[in-house]
Structures are given as structure tokens and as C-alpha cells.
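Chains as they are written, first to last, in my numbering: chain A, 3 to 424; chain B, 20 to 75. Built from N, CA and C at the ideal position, the CB exists for glycine as well. As C-alpha cells, the structure follows; a few thoughts come after it.
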């Protein structure tokens, strides 16, 4: 094919793919145990964040999260027992993204763990998000950590499912997550490390149905307290909404748009619309940021989690200019935040028509990362993220800014040239 | 030499291209400056350059 022809095909394919991103309408429709909804999950599956990785190569916090979920499922009662099960091949490990799902940090999903169910009402695809808590996803596996999963299973998930069922029975298609995300961006969120306004807006959206569904008063009180004590709550909904949005853009022949960026704490992986389900990987980077007292870079695990799906969709650090408040957590200046948001335009396809940046005269966030532009300019996508301790069982020790490895984008570019015989 | 002297006897107006550390230093000295966000394009492997020429 002549160079001008293939360039035109790519531009057309990217326009199609990014239009699907912009037109997507993700709605929260249900909360279900993973085994009931995740494609390919069986009764001894454990799914995890990032690209594929074997047990022996996993980082400390991801091993901790796997062990925590095994104990949560009742397959073993101790670290040693859980490790024995995995080493004997009794547990099947697989990436969330290969099963239509995403999970924060270690992102580990086991069969009876609840997942949020998000339907893209425009294109019909359904995607899933692991619930957010502040223990297991950072690698903790003690009793308190297991209890945080039990609370989701026994209290939050059934109540939210009942409330959403009530909404659906009254003719609603669910809770419009894109609308909440757009409003939260006006309220100081960037929707990755700061989903605080999103959590408040979601709580206000679901509360009437929670109350009307006849939820027990004591449970209702526990749930409201959970919302107010866990500002990060909305992250699982934002991530699932972003996954449902980006999945609508996958498998567009000739498209060079990135549809997935995800990390397992060892490798960083991307997927590209025109290249099917293939992962392209490079080493996960060290996050540059601020540490909690008593911790430093020597304690940090490399970059981890499926939460970079937010940046892939055009929020997260791509919307950092909206969220100066987050700089107290991740470090940097307001000017840095402004610069990141503007610089991402150089490697993307369009400006978002819904996720807007007031300080940039209400122009949209940069949306639709193009592997060609990343490699050509040398500008890597920017991600703001939490930092987990490198050892299992300790947890979050800070937050900061990180980039993917260029190697992943170059590998994808080579694969594109090979597939399309350039 | 004379021209150089003349330059520093009038108000400086600086356009900084690239590293913003120079812009920041000028700002701290109350010198009028604008900063152009620019970086040289990266040096790429020949094979990657050839692919990009065909795709972008």
C-alpha cells in the first residue's frame, strides 16, 4: 500500500475509534459476585492488574493481595497455605483486562468478590470494576484487610445491587457515570487519585434508591459512613466507566489508538485498537512523588494497577489542571499540573467534548493516545498514581507521577508495521 | 564589544526556548521573558524512523 493510503486509513480509523470514545455512555447497572458475570472466570480463578505475569515473578504487594483473596475465599487460612495452593497450580492467574475488567493497584479479583457492572449504553458492551478498599489492593492480607473485602461482600454489594435493581424497575437504565465524572472534574477531581467529588455525587445519586429499597437502618448508616470515610470510593466506578468507554474503541482496523494502559508492579502493558488483544510491555517505572512519614524511595514498589485506564480515557493526570488539590498528595506545582494537561495534546487525537478543563477556557482534556505520536515526539503519557510498599502486608506509602516505558510503544509500532505490511 | 555593552544597557526582553530553568532564573531576576515549551525530537532507531515516515 502506498504511504499516503495507509496514512489516510490510519487517520480515518483513529477518527472512528476516538468518536466511539466520545460517544460512549457508561452507566452503573449492577453489583455482582465476579463469578456470576466475569467472562472466563471459574471457581479457582484469580484475576489481577496489568499484563500477564506468573506467580514467581509477581511483586510483593500483588502476592499479598493474591494471598488475601485466597484467604477471603476460604481456600486457605494462612500465607503458607495460600502460597502452596498457587505453587501447586491450583489457582489460575489471569489479567483483569483479558476478562473485560479492571482493578485498582494489585486489582485482584476472586470469584466471590463483588464487581461493579457498567454498561456502555451507546454501544452495548458491558465491563466490570473491582471494588475499591484501602487494604488488600495495596497487598495487605491480615484479618482487618480480609474484613474490608467481607464488608463489601456482605453489606455494600447487596445493598447497592438492591438499590440499582429498584432504579431499573422504575425504568432507569442505571446511574449515569459519565455525567458524574464530568461534574466531578468541575469540582476539583481528576478522577484517579482524587475522585472525592465523584464519591459525593455518587452517594447523592444512589441514596434515594438505597433508602426506598427498604435497607435496614443500621446498614444504611454503615454504608453512608463508608462513603464519607472513603473518598476514593468512586475510583472503582470511574475505572469501570473508562474501561467500558475504551472497549468501545477496540478492534478498529488500522487504528493506532491506545485502548489499555495497565501495570502489574513489574511490567507496564498497553493494548492498541488496531492490534487486537496483544499486550506490548516494558518495565514498570518507579513513581516520583511524596511519601508518607517514615517511608522513602527505598521502600517503594514499581508502578502498579489498572487505574491508568483513567489516563487512557483522558482523565486522571490528563485532567490534572482541574485538580490542584491533588498536588498535596502527588507533589509538584499548579504550573506542572497545567503543563501536563496541555502537553498531553501533543500525543493524542482530539479534545474531549465532555471532560472539560475550566482553566483552559473549558477546552476538553486530551483524548485518544496515538502510539505514533508518542514515539515520534518522545512525550510519554503522564499518570498520577499511588505508591505501594514493595513488601506484602504494609500498604500505601505515598503517591506521585509516573510514565510508561517507551519500549511498549515502540514494540506496538513495530507490530503495527508488521501486521499491516508497512 | 560595543554592541554587547549596548545590549546590557537597555531593558532585556528574552525569549527562552527549551529548558525552563533559564526562564525561571530570569524571572527571579525580574527580567522580562517568555518561555517557549519546546524540546528537540528524540533520536530514534533507523527502523523506527522508517516506520514513522510511512505511518505519520
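Please tell me whether residue 108 (chain A) and residue 67 (chain A) are closer than 8 Å, where the distance is taken between their beta carbons.
Closer than 8 Å, so yes.
Under a three-way DSSP split, which group does residue 132 (chain A) fall into?
strand
Tell me, please, whether the CB atom of residue 74 (chain B) is closer than 8 Å to any CB atom in chain A?
Closer than 8 Å: yes.
Could you tell me which whole alpha helix (DSSP H) segments of length 4 or greater appear in the region 148 to 221 of chain A?
159 to 171, 179 to 187, 198 to 214
Listed by chain order, chain B residues near residue 326 (chain A) by CB distance under 7 Å:
Going along chain B, no residue has its Cβ under 7 Å from residue 326 (chain A), so there is no contact; the nearest lies around 19 Å.
Any chain A beta carbon closer than 8 Å to residue 45 (chain B)
Output row for residue 45 (chain B): interface = no.
Could you give the DSSP three-state label for residue 48 (chain A): helix, strand or coil?
strand
By the DSSP assignment, the alpha helix (DSSP H) with residue 22 (chain A) in it spans what residues?
5 to 25
Completely contained alpha helix (DSSP H) runs for the region 23 to 70 of chain B, where each covers 4 or more residues:
39 to 47
What's the C-alpha gap between residue 362 (chain A) and residue 26 (chain A)?
24 Å
Beta-carbon contacts of residue 238 (chain A) that lie in its chain and below 7 Å, excluding the five residues immediately before and after
106, 118, 131, 132, 133, 134
Residue closest to residue 103 (chain A), alpha-carbon to alpha-carbon, out of A:138, A:421, A:127
A:127
Does the region 368 to 376 of chain A come close enough to the region 322 to 335 of chain A that 3 or more CB-CB pairs lie under 8 Å?
Of all C-beta pairs linking the region 322 to 335 of chain A to the region 368 to 376 of chain A, fewer than three are shorter than 8 Å, placing the two stretches out of contact.
Does the Cβ-Cβ distance between residue 248 (chain A) and residue 311 (chain A) come in under 8 Å?
Yes, the pair counts as a contact, with Cβ atoms nearer than the cut-off.
Which bits of chain B does residue 419 (chain A) rub up against, with CB to CB less than 8 Å?
70, 73, 74
Can we say the region 189 to 203 of chain A touches the region 39 to 51 of chain A, given the rule of at least three CB pairs closer than 8 Å?
no
Residue 212 (chain A) versus A:267, A:263, A:169, residue with shortest Cα-Cα distance:
A:169
Since residue 110 (chain B) meets chain A, which of its residues come closer than 7 Å, beta carbon to beta carbon?
Within the shown structure, residues of chain B are numbered from 20 to 75, placing residue 110 (chain B) beyond reach of any answer.
Rounded C-alpha distance that separates residue 397 (chain A) from residue 141 (chain A):
Near 6 Å, if we compare the C-alpha coordinates of residue 141 (chain A) and residue 397 (chain A).
Cα-Cα, which of A:285, A:402, A:155, A:87 is closest to residue 292 (chain A)?
Considering only alpha carbons, the answer is A:402.
Which residues in the same chain as residue 57 (chain A) place their Cβ atom closer than 6 Å to its Cβ, once the five residues preceding and following it in sequence are excluded?
88
Looking at C-alpha atoms only, which residue of A:3, A:16, A:6 is the closest neighbour of residue 255 (chain A)?
When only C-alpha atoms are compared, the closest one is A:16.
If I'm right that residue 65 (chain B) touches residue 5 (chain A) with Cβ under 8 Å, what's the distance once you round it to whole angstroms?
17 Å between Cβ atoms; not a contact.
Could you work out which residue in A:223, A:385, A:370 is closest to residue 329 (chain A) when comparing CA atoms only?
A:385
Looking at residue 350 (chain A): is its Cβ nearer than 8 Å to the Cβ of residue 370 (chain A)?
yes
Between the Cα of residue 70 (chain A) and those of A:120, A:122, A:24, A:152, spot the shortest distance and give me the residue it belongs to.
A:152
Apart from the five residues on each side of it in sequence, which residues of its chain come closer than 7 Å, Cβ to Cβ, to residue 229 (chain A)?
Once the five neighbours on either side are set aside, the close Cβ partners of residue 229 (chain A) are 201, 205, 235.
Restricting to Cα atoms, I'd like to know which of A:416, A:54, A:395, A:28 is closest to residue 125 (chain A).
Minimum Cα distance to residue 125 (chain A) is reached at A:28.
Give the residues of chain B in contact with residue 5 (chain A), contact being defined as C-beta atoms less than 7 Å apart.
73
To which residues does DSSP link residue 263 (chain A) through a beta bridge?
A:272
Compute every distance between the C-beta of residue 181 (chain A) and the non-hydrogen atoms of the ligand FAD, then say whether any falls below 7 Å.
The ligand FAD is absent from the structure shown, which contains no ligand whatsoever.
Taking only three categories from DSSP, how would you classify residue 381 (chain A)?
coil
At 7 Å on the CB atoms, spell out the chain B contacts of residue 175 (chain A), in chain order.
Ordered by position in chain B, no residue passes the 7 Å Cβ test against residue 175 (chain A), which lies about 39 Å from the chain.
Out of A:35, A:7, A:40, A:55, which one is the CA nearest neighbour of residue 286 (chain A)?
A:55
C-alpha gap between residue 173 (chain A) and residue 8 (chain A), whole angstroms:
46 Å
Completely contained alpha helix (DSSP H) runs for the region 305 to 390 of chain A, where each covers 4 or more residues:
311 to 315, 329 to 332, 336 to 345, 373 to 379
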